[in-house]
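Q: Take a look at this one; I'll ask things after.
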Amino acid sequence: MDAYLGITLLCTLLAVSIVFVRCWTIDTAFANGLPWADLRNEVFQTTRASLRQLANCTQVLQDAYTKHSKKGQPFVVSDSSFHPQIMLPHEYIKWLTTQPEAILSVWPVRTERRALGAMMSTVDHKETVAFIDKIVGRFLTPNLDNVQADVSDEMGASIDSAMGLDEDTWHEVNLMQTFKNIGDRTGVRALFGLVLCRDQHFLRVLTRYKTLMGIGVLLSGHLPPIIRPVGGLLLNLPFRIYKARVKKALTPVIEERMQKVKCEQDDATLENESQDFLTQSVKVIMKDKGTAHRSADYVADQFLVLSFATLASTSLVASNLFLDIISSAPSLDAYERLRSEAVSVFKCENDWADPAALKKLVLTDSAIRESLRRSSIQTRGLLRAVVSPDGLTLRNGTHVPRGTWLGVPVQAVHMDGDLYDKPYEYHPFRFAKMRLEKSVPGHDKADATDISDTFLAWSYGRYACPGRWFAVQNLKLMIAYITLKYEIEPISKRPESVVFGDANVPSMSTSIKVRRRTRA
């Protein structure tokens, strides 16, 4: 036993030593004279700067943005993966996002940083993303109106279940867990239909699949290349178990839908029967010559990725949103103003299924957009890798070689005082007011789903999030239902978010006090 422990300790020390030596010799020549954020005069300076990024990324990026980006100067930032990146100033964003794919590509970043290679080794990444973009673009977004009734129905049922029906006493609920349960049920209802969204076994294994996928993506993408294969393998083992369990439950449902589509003579009959995205997507797949031969197993693989992309961030964004609302300045009366707006819009049960009702929620839309700005869940984004063999010359004349990663400090852009008045404060109706000020640049692009080079919550350019309309639809219904049916106790100070590398998320231990409103 002692010998085993000794060998284990020796191997651990050897691995750590290799990592440190590898990091100590990180090639800094690619920076070509650019300033390097948080690189101090110390032993193993690049290693220590890289490790500090795990917990101190927000402040490092903010300081460097103020010092360098505000002067139009790119800067280099270390990373826990020991793959330094060049952060570009705000004025480079349009240039960055319009470069041809043959020069700047997202795929090396997605494979390495987003851990597609480690967590999705059994699928073709580009084909999967193309599939998702096609399904989301052709059916999810254009047909949101068709699923609103189902989503609003499940939203009410899941909120009642998560927050309770007690009208007499206040009780605590875990913030993240509450909104995860709500988001999962409503998302599954839209994606897969009523039966699966009420199937507790399916919800349980899907939740564990998403959790393990999220952990794998976050951790694997931040590991140094030298230990990433081992880390990826360890993370992959439990992930594969739950992926198989989800597929076991999902594949028969897909086979059933495929059979119905194959036998269906009148499209209207099937469409009336089910508006969930799975059914509609199966119809697209089977009618498309390029995908008609695909099996139920293939469709299940694609929808597992889609479900992660659709559901994983819902609890984070919703948790941030309600934390921002209930901790906002009392003088803003945010919660009650949002409730008053909901009262004026949802006057009868049919209004919950009416797409026109959501368009009237101007204050709610503004509150969502402002939370996405103020409480971004990513510290940096728009990452691209230089893939041109000749490298790339930046706008300031700096030449960077192939393999260099470029990006933007998203959170710092959102906190730029030249772009937003009092940027560190949450003003829920900031964008509602902007809409009315016709002389203000961007007044016509102030909806929660609008993208711009000053609002990067949905990314920007051709890779902007294609599912943002679905996300905002859910958030609007969620705010309306909760403010109408529940009271939430205000908090004097917003809890600090937890920073881990690129991620900036609410604490999982945060709780809020809620009470069901007394029925009139």
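With the numbering used here applied, the sequence shown corresponds to residues 817 to 1336, in that order. For every residue, glycine included, the Cβ atom is placed at its ideal position computed from N, Cα and C.
(1) Of the choices Lys886, Asp895, Val859, Lys883, whose alpha-carbon is the least far from that of Asn872?
(2) Using only the alpha-carbon positions, how far apart do Gly999 and Leu1039 sit?
(3) Could you check if Ser1182 is buried or exposed, using at least 16 other CB atoms within 10 Å of its CB as the buried criterion?
(4) What does DSSP give as the partner residue(s) for Phe1271 in the beta ladder?
(5) Starting from Gly888, trace the beta strand (DSSP E) both ways and give me its first and last residue.
(6) Which of helix, strand or coil does DSSP assign to Asn959?
(7) Measuring CB to CB, does Leu1154 end up less than 8 angstroms from Leu1179?
(8) In whole angstroms, what is the alpha-carbon distance linking Glu917 and Gly1213?
(9) In this structure, how does DSSP classify Asn1290 when only helix, strand and coil are distinguished?
(10) Taking its Cβ as the centre, do 16 or more other Cβ atoms sit within 10 Å of Thr1209, making it buried, or is it exposed?
(11) Between the stretch 961 to 978 and the stretch 1145 to 1153, are three or more C-beta pairs nearer than 8 angstroms?
(12) Kindly indicate the opening and closing residues of the beta strand (DSSP E) around Val1314.
(13) State the DSSP-derived secondary structure class of Thr1209, mapped to helix, strand or coil.
(14) Report the residue from Asp1263, Leu912, Arg1110, Ser885 whose alpha carbon sits nearest the alpha carbon of Arg1200.
(15) Please identify the residue among Lys1301, Ser1323, Pro1282, Ala1296 whose C-alpha is closest to the C-alpha of Val945.
(16) If you follow the beta strand (DSSP E) that Met903 is in, where does it begin and where does it stop?
(17) Excluding the five sequence neighbours on either side, which residues of its own chain have a C-beta within less than 6 angstroms of the C-beta of Ser1323, listed in chain order?
(18) Would you grab the beta carbon distance between Gln901 and Gly1223 for me? Rounded to a whole angstrom, and I think it's under 8 angstroms.
(19) Determine the burial state of Gln875: buried for a count of at least 16 other Cβ atoms within 10 Å of its Cβ, exposed for fewer.
(20) To test your reading of the DSSP string, which unbroken alpha helix (DSSP H) runs of 4 or more residues are found completely within the stretch 997 to 1030?
(21) With burial defined as no fewer than 16 other Cβ atoms inside 10 Å of the residue's Cβ, what is the status of Tyr1240: buried or exposed?
(22) Could you give the residue range of the alpha helix (DSSP H) that holds Asn857?
(23) Under a three-way DSSP split, which group does Ile1295 fall into?
(24) What is the rounded straight-line gap between the Cα of Gln1096 and the Cα of Ile1295?
(25) Is it buried or exposed for His1017, if we count other Cβ within 10 angstroms and need 16 for buried?
(26) State the Cα-Cα distance for the pair Ser1308 and Arg1189, rounded to the nearest angstrom.
A: Inspection of the coordinates gives the following:
(1) Of the candidates Lys886, Asp895, Val859, Lys883, the residue whose Cα lies closest to the Cα of Asn872 is Asp895.
(2) Rounded to whole angstroms, the separation of the alpha carbons of Leu1039 and Gly999 is 29 angstroms.
(3) A buried status is given to Ser1182, since no fewer than 16 other beta-carbon atoms sit within 10 Å of its beta-carbon.
(4) The beta-bridge partner set that DSSP reports for Phe1271 consists of Ser1268.
(5) Premise fails: Gly888 is in no beta strand (DSSP E) and is neither H nor E.
(6) For Asn959, the secondary structure class from DSSP, reduced to helix, strand or coil, is coil.
(7) Here Leu1154 is near Leu1179, since their CB atoms are less than 8 angstroms apart.
(8) Going by the C-alpha atoms only, they are around 21 angstroms apart.
(9) In this structure, Asn1290 counts as helix in the three-state DSSP scheme.
(10) With a 10 Å radius around the Cβ and a threshold of 16 neighbouring Cβ atoms, Thr1209 comes out exposed.
(11) Counting C-beta pairs closer than 8 angstroms gives fewer than three between the stretch 961 to 978 and the stretch 1145 to 1153, which falls short of the contact rule.
(12) Counting along the chain, the beta strand (DSSP E) containing Val1314 begins and ends at 1314 to 1316.
(13) Reduced to three states, the DSSP call for Thr1209 is strand.
(14) Ranking the options by Cα distance to Arg1200, first place goes to Leu912.
(15) Comparing Cα positions, the closest option is Pro1282.
(16) Residues 901 to 903.
(17) These residues qualify, in order along the chain: Pro1311, Val1314.
(18) Contact flag correct, Cβ pair sits at about 5 angstroms.
(19) Around the beta-carbon of Gln875, fewer than 16 other beta-carbon atoms lie within 10 Å, marking it exposed.
(20) Unbroken alpha helix (DSSP H) runs of no fewer than 4 residues, entirely contained in the stretch 997 to 1030, are found at 1010 to 1013, following chain order.
(21) Classification of Tyr1240: exposed, given that the 10 Å Cβ count is below 16.
(22) Neither: Asn857 is in no alpha helix (DSSP H) and is coded neither H nor E.
(23) Secondary structure at Ile1295: helix, using DSSP grouped into helix, strand and coil.
(24) Roughly 28 angstroms separates the two Cα atoms.
(25) Exposed, because fewer than 16 other Cβ atoms sit within 10 Å of the Cβ of His1017.
(26) Cα-Cα distance, rounded: 21 angstroms.
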